[in-house]
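For the sequence shown, counting from 1, position 35 maps to 35 in this note's numbering; every step adds exactly one.
Ideal placement from N, C-alpha and C gives every residue a C-beta, glycine not left out.
Scroll down for the structure; my scribbles are underneath it.
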Amino acid sequence: MAGIGYGPMGIAKKGETTRKPIKSRLTIATLLADPGHYYDSTYYNRDWIAQKFARHGGLEAYDCWYSVISESLASGEDPLFLGYDRCPNGVF
1 MAGIGYGPMG
11 IAKKGETTRK
21 PIKSRLTIAT
31 LLADPGHYYD
41 STYYNRDWIA
51 QKFARHGGLE
61 AYDCWYSVIS
71 ESLASGEDPL
81 FLGYDRCPNG
91 VF
């Protein structure tokens with residue numbers, strides 16, 4: 001569940017890493033990982049997800065979007081197009 005976001009992975013997956021001329025100042029971002037155990041009682045806890053996200057579709061929506069994002073990383077397709085077609089209403 002933890003890891004890099006879809007955006008950078010999707011861009012790298014599609015090979016869209018060509019360099020473009022820099023037209024503004026350069027920004028460098030540093031990503032620092034944490035051990036993840038801080039989220040055992042919340043984001044990694046299915047009971048917590050079901051309770052906190054019930055109005056957005058709960059675990060059914062969570063599992064659907066998790067599947068859609070995983071599939072999109074493998075295929076390079078846009079997860080929003082797939083998810084809006086497949087996942088329960090009320091997600092957003």
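{"Check": "Cβ-based neighbour list, E77, same chain, cut-off 8 Å, excluding 5 preceding and 5 following", "Outcome": "E71"}
{"Check": "Where I28 sits in the DSSP three-state scheme", "Outcome": "coil"}
{"Check": "Nonlocal neighbours in the same chain, by C-beta distance under 6 Å from A29, ignoring five residues either side", "Outcome": "none"}
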